[in-house]
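Residue numbers (my numbering): 664 to 1140.
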Ligand code: B12
């Protein structure tokens, strides 16, 4: 079949992010023998013209859309991407008409609310969850006009006008890890070099799943709640390919958490050290189970900074969020980063259940004590359906019907609402290395572009250690 796969993400903050999920499903469709053409809408000034040219020249049999983000998850300056996805599907239908070509949607944004989104976007089919196994099965069923109901994760309508049926994606998740050397992302189809130029980095995944139980988090829903590990040698081979074929020097490891399970993280580091590739990388990490020897090994393997999922600097709030570590351990990890010369960026979430002005102040104080390179702080927690936080919000009447999740909805401890933003701004502004995505727009897109064109390759928060960039964060507002 002639497949047109569109990556719909156009977000440039904090950087243009290579569409890894779309690249995985592109490769799996290509391997299944389909003719795959790709349109990436990121950075396109006239996306409609581009799509029209593509459709008129190649007459796809199926159009598939990868949806990465629903919104920017930031409060109060929230960006909702859904209206643009809706327009995209409408435009595509008009371009294809009068032919009847199925529109298929997938990606993390879709997987968070597949039942609502199929209708909202007026798509024909969807895949909730991972696509490597299910997407080729769906394409095959469409080609042969066979029923789709037995495909893991498929979302479809049994008949016109009926509510969408979501087949649970779990069987696919329970398969041996789909990536174990069998499918590599189609970097060639998605102009990886352009992302490296404009975003500084490529990205890679060393495992899927998350066994932690943070109350607000979607990762176990998206990837499954146990870890599926990729063979470390296979990870290192892919990194080598990225370096040799695509000139990549810097990577982000997209695992929900890199340092768990620790043995696997260590083996990945050892495999990278053996390759001796001169690659720099960063990742999400948790204080839970982090050790000095692992951090040291990560540094030896090229890690030059971690984004620590600290969330809060107050033990009661941490417990309320379902975190599996204490403030003292987080502080110790901060000290280890100092000792090793590793850049440290805390990611914080303010305003969760039980947060008070005192706990906000305490978090700010404790986090500063660790002398971080940067801090990314969210005010308010985006509530995602089917998480423990959603159940709580539903029981409190914050969310009264499922359709509300189509709009970004936030949990913000009511007593804090009038004061939180001012507290954070007045703390962050004199420091300059605190990024508040929903409150202050960080570097202007133009400044960001210049930094990248000048060849800077690490995540931009690393720059906040230098005084001129600290100033820019607030001057560019
Ligand atoms: C790593 C990560 C980041 C890193 C990315 C670094 C990098 N260079 O890659 C950073 C820190 C930069 C980041 C930033 C942001 N992120 Co982020 N990020 C992630 C994370 C943890 C992993 C993403 C990833 O690469 N996964 C690996 C790939 C292989 O998986 P995948 O994309 O889901 O693809 C699979 C399926 O979805 C499916 N699929 C994908 N496309 C298609 C298409 C079709 C047709 C089909 C059938 C299937 C299919 O198959 C794929 C393979 O199995 C996810 C959470 C998660 N666990 O998924 C959040 C996540 C994607 N991020 C999210 C958000 C909100 C953001 C930001 C907007 C936050 C902000 N305010 O800054 C920005 C946006 C960045 C941008 N420019 O788009 C949200 C999106 C949901 C939402 N609320 O909209 C997520 C889901 C986290 C969450 N809150 O639940 N992010």
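Beta carbons: idealized from backbone N, C-alpha and C, even for Gly.
Annotated three-state conformation of residue 1076 is coil, per DSSP. One Cα belongs to residue 802, the other to residue 692, and the distance between them is close to 8 angstroms. Taking C-beta separations shorter than 6 angstroms and ignoring five residues to either side along the sequence, the partners of residue 739 in its chain run 1101, following chain order. Nearest Cα to residue 686 within the set 676, 938, 667 and 1084: 667.
For residue 1124, there is no enclosing alpha helix (DSSP H), as DSSP marks it with neither H nor E. Setting aside the 5 residues that flank it on each side, residue 695 is surrounded in the same chain by 799, each with a C-beta closer than 6 angstroms to its C-beta; the list follows chain order. When 895, 1088 and 886 are compared, the shortest CA-CA separation from residue 795 is found for 886. In this structure, residue 725 keeps its C-beta atom at 8 angstroms or more from the C-beta atom of residue 755. In this structure, residue 1119 lies away from residue 881, with their beta-carbon atoms at least 8 angstroms apart.
The Cβ neighbour count for residue 1004, taken over all protein chains shown within 10 Å, is under 16; the residue is labelled exposed. In this structure, the beta-carbon distance from residue 832 to residue 793 falls below 8 angstroms.
At the C-beta level, residue 869 and residue 936 stay beyond 8 angstroms of one another. Within the same chain, and ignoring the five residues on either side of residue 1115 in sequence, the residues whose Cβ sits closer than 6 angstroms to its Cβ are 861 and 863. By the neighbour-count criterion, in which a residue is buried when 16 or more other Cβ atoms sit within 10 angstroms of its Cβ, residue 960 is buried. As summarised for the segment 1037-1115, the continuous alpha helix (DSSP H) elements at least 4 residues long and confined to that stretch are 1051-1058 and 1080-1091, given in chain order.
The DSSP assignment places 771-775, 777-784 and 797-806 as complete runs of the alpha helix (DSSP H) inside the segment 749-825, in order along the chain (cut-off: 4 residues).
In the same chain as residue 1128, and ignoring 5 residues on each side of it, the C-beta atoms closer than 6 angstroms to its own belong to 1036, in chain order. By the criterion of at least three beta-carbon pairs nearer than 8 angstroms, the segment 953-970 is in contact with the segment 1008-1026.
Per DSSP, the unbroken alpha helix (DSSP H) holding residue 978 starts and ends at 978-983.
Bridge pairing for residue 1013: 1042 [DSSP]. Residue 879: not part of any alpha helix (DSSP H); DSSP gives it neither H nor E. In the displayed model, residue 968 falls within a strand according to three-state DSSP.
Rounded to the nearest whole angstrom, the C-alpha separation of residue 1072 and residue 734 is 10 angstroms. Relative to ligand 1, even the nearest heavy atom lies 7 angstroms or more away from the CB of residue 719. Counting only residues of its own chain and dropping the five nearest sequence neighbours on each side, residue 858 has a CB closer than 8 angstroms to the CB of 679, 680, 681, 864 and 865.
Under DSSP, residue 867 takes part in a beta bridge, and its partners are 916. Excluding residues up to 5 positions away in sequence, 1046, 1047 and 1062 lie with their Cβ nearer than 7 angstroms to the Cβ of residue 1053 in the same chain. Judged by DSSP secondary structure, residue 703 falls within the beta strand (DSSP E) whose first and last residues are 698-703.
The beta carbons of residue 767 and residue 786 sit about 7 angstroms from each other, so the pair counts as a contact at 8 angstroms. Taking the Cα positions, residue 700 is about 39 angstroms away from residue 878. Within the chosen limit of 7 angstroms, ligand 1 does not reach the beta carbon of residue 1115 with any heavy atom. Remark: fewer than three beta-carbon pairs, one from each stretch, lie closer than 8 angstroms, so the segment 711-720 and the segment 1069-1089 are not flagged as touching.
Short note on residue 675: C-beta closer than 7 angstroms to some heavy atom of ligand 1. Just measuring C-alpha positions, the residue of 942, 763 and 1108 sitting nearest residue 966 is 942.
Buried is the label assigned to residue 723, since at least 16 other Cβ atoms lie within 10 Å of its Cβ. Secondary structure note for residue 725: its beta strand (DSSP E) is the uninterrupted segment 725-729.
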